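Trainee: Please find one structure pasted underneath; my questions will follow.
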Amino acid sequence: MNKRIATPTVTKKILADNQIKLSKALGQNFLIDGNIIDKIVNIADIKRGDQIIEIGPGIGSLTQALLEQIEEGRLFAIEKDERMIKILKELFQDEKLSLIHRDVLDIDWPQFFTGNDLMDKPVKLVANLPYYITTPIIMGLLEARVPVGRYVFMVQKEVAKRMAAKPGGKDYGALSIAVQYYTKPEICHIVPPSVFIPQPDVKSAIIKLETNKIPPVQLEDERFFFQIVQAIFQQRRKNLKNSLSKAANIKLDKGLIEKSLQELGIPEGTRGEMLGLTEIGVLSNILFKGMEDKVN
Ligand code: SAM
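Using this note's numbering, you'd call the opening residue of the sequence shown number 82 and step up by one each time.
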């Protein structure tokens, strides 16, 4: 395919020729603006040897631009809709492209990386994601700890704001902490609905996540830290002492909570959502040690 796919005319023609009615349930909002595609690709900054994973290629508007940039690398494009796979096979005969007909949520990432010899290579994820599963896709990848160095993707604006949020505001929560534990997020562009067919009901954003080489805080126990995060943000209107003592998933002693907050100089009445990631990390370390001491 030589013509640019990301235009209203070409996209509509491909869809009509293949008698495709786009599926809302699969989050099929296709990009029809070449400038937005260029922005995504520029932020991805593809270098020689970079391996790219694209989730949800659709009819290939972004795939096409990515393939133009890849040198000595491969593009792994994962798509659930069989109709799109058929179109992509017709449009692209590029040896660099591996089309994978799968539900992305069924992928075992460590196995995928090992099986495709990606463990020791520079890997980037670049995508216009299906919005209904953004969080499970991104958290699945981050928690699998597979070596993706950079993520660049289009997402609902509200979700991008939550990923990049700092303490105190309404967007700050468990998703902000999780994403910022693993990466440095940056919202690069806000994107209007008019660049998609069909137009989504919400604004979108291009966000970049740069994977942290070292975590921002050294944790005694990662699982325990995320339990504390969950406890704090499940009860975000409560103060720290109350939300921690009522945490359903961990049984924390009130005395230990009081002592730990005192040690950190955090007033008991502080709401958890005012604490930064590092502070929550240090607090979870103190609580974890306190619980261990009690057991021993
Ligand atoms: N990349 C194309 C573009 O920018 O025009 C299409 C993006 S569209 C927002 C999301 C794509 O993800 C659709 O092609 C949809 O079929 C695909 N998709 C939806 N759910 C999926 C899943 N669970 N696994 C893999 N692909 C999925």
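Ideal placement from N, C-alpha and C gives every residue a C-beta, glycine not left out. As the structure is a computational prediction, the values presented were derived from the model and not from experiment.
1) With respect to 7 Å, is the separation between the Cβ of residue 185 and the closest non-hydrogen atom of the ligand SAM below this value?
2) With residue 165 and residue 140 assumed to form a contact (beta carbons below 8 Å), what rounded beta-carbon distance in angstroms separates them?
3) In this structure, how does DSSP classify residue 90 when only helix, strand and coil are distinguished?
4) DSSP state of residue 242, grouped into three classes?
5) Where does residue 99 land, buried or exposed, given buried means 16+ other C-beta within 10 angstroms?
6) Would residue 309 and residue 222 be called neighbours here (beta carbons separated by less than 8 Å)?
7) Flag this pair as yes or no: are the beta carbons of residue 305 and residue 354 separated by less than 8 Å?
8) Assign residue 99 to one of three DSSP states: helix, strand, or coil.
9) So if DSSP puts residue 289 in a beta bridge, which residue, or which two residues, is it bridged to?
10) What is the rounded straight-line gap between the Cα of residue 143 and the Cα of residue 208?
11) With 16 other CB atoms within 10 Å as the buried threshold, where does residue 226 fall?
12) Is the CB-CB distance between residue 145 and residue 122 below 8 Å?
13) Helix, strand or coil for residue 160? Go by DSSP, reduced to three states.
14) Can you look up residue 278 in the DSSP assignment and give me helix, strand or coil?
15) Is the beta carbon of residue 175 closer than 8 Å to that of residue 148?
16) Which one or two residues does DSSP pair with residue 272 in a beta bridge?
17) From 90, 276, 125 and 312, pick the residue whose C-alpha is nearest to that of residue 111; which is it?
18) For residue 220, is the beta carbon positioned less than 7 Å from some heavy atom of the ligand SAM?
19) Apart from the five residues on each side of it in sequence, which residues of its chain come closer than 8 Å, Cβ to Cβ, to residue 104?
20) What residues in its chain sit with their C-beta under 7 Å from that of residue 293, if we drop five residues either side in the sequence?
21) What three-state label does DSSP hand residue 295 in the structure shown?
22) Should residue 101 be listed as close to the ligand SAM, given that the test is whether its C-beta is under 7 Å from any heavy atom?
Mentor: In this structure, then:
1) Residue numbering aside, residue 185 sits at position 104 when the sequence shown is read from its first letter. Yes; taking the cut-off as 7 Å, the Cβ of residue 185 has a heavy atom of the ligand SAM nearer than that.
2) As a position in the sequence shown, residue 165 is number 84, starting the count at 1. As a position in the sequence shown, residue 140 is number 59, starting the count at 1. The pair is a contact, with the Cβ atoms about 6 Å apart (cut-off 8 Å).
3) Along the sequence shown, one-based indexing puts residue 90 at 9. It is helical.
4) Walking along the sequence shown from the start, residue 242 turns up at place 161. Looking at residue 242 - three-state DSSP - the assignment turns out to be helix.
5) Taking the sequence shown and counting its residues from 1, the one referred to as residue 99 is at position 18. Counting Cβ neighbours within 10 Å, residue 99 comes out exposed, since fewer than 16 surround it.
6) What you label residue 309 is simply residue 228 of the sequence shown in a count that begins at 1. What you label residue 222 is simply residue 141 of the sequence shown in a count that begins at 1. No; because the gap between Cβ atoms is not below 8 Å, this pair is not in contact.
7) For the purposes of this step, residue 305 is taken as residue 224 along the sequence shown, with counting starting at 1. For the purposes of this step, residue 354 is taken as residue 273 along the sequence shown, with counting starting at 1. No, these two residues do not count as a Cβ contact at 8 Å.
8) Residue mapping note: residue 99 aligns to position 18 of the sequence shown, counting from 1. DSSP places residue 99 in coil when its eight states are reduced to three.
9) Start at 1 with the first residue of the sequence shown, and residue 289 comes out as number 208. DSSP output for residue 289 lists 233 and 267 as bridge partner(s).
10) Here residue 143 refers to the residue found at position 62 of the sequence shown. Here residue 208 refers to the residue found at position 127 of the sequence shown. Roughly 8 Å separates the two Cα atoms.
11) Against the sequence shown, residue 226 aligns to sequence position 145. Exposed, by the Cβ-count rule.
12) Working through the sequence shown from its first residue, we reach residue 145 at position 64. Working through the sequence shown from its first residue, we reach residue 122 at position 41. Not closer than 8 Å, so no.
13) Taking the first residue of the sequence shown as position 1, residue 160 is located at position 79. Judged by DSSP in its simplified three-state form, residue 160 adopts strand.
14) As a working mapping, residue 278 is identified with position 197 in the sequence shown. Reduced to three states, the DSSP call for residue 278 is strand.
15) The residue given as residue 148 occupies position 67 in the sequence shown. The residue given as residue 175 occupies position 94 in the sequence shown. Yes, Cβ-Cβ distance for residue 148 and residue 175 is below 8 Å.
16) To locate residue 272, count along the sequence shown from 1; it is residue 191. Looking at the DSSP assignment, residue 272 forms a beta bridge with 285.
17) In the sequence shown, counting from the first residue as 1, residue 111 sits at position 30. The shortest C-alpha separation from residue 111 is found at 276.
18) Indexing the sequence shown from 1 puts residue 220 at position 139. No, Cβ of residue 220 sits at least 7 Å from all heavy atoms of the ligand SAM.
19) Taking the sequence shown and counting its residues from 1, one reaches residue 104 at position 23. Once the five neighbours on either side are set aside, the close Cβ partners of residue 104 are 162.
20) Residue 293 sits at position 212 when you count from the first residue of the sequence shown. Once the five neighbours on either side are set aside, the close Cβ partners of residue 293 are 263, 264 and 265.
21) Here residue 295 refers to the residue found at position 214 of the sequence shown. The answer is coil: DSSP assigns residue 295 none of H, G, I, E or B.
22) Here residue 101 refers to the residue found at position 20 when the sequence shown is read from its first residue. Checking the Cβ of residue 101 against the ligand SAM gives no.
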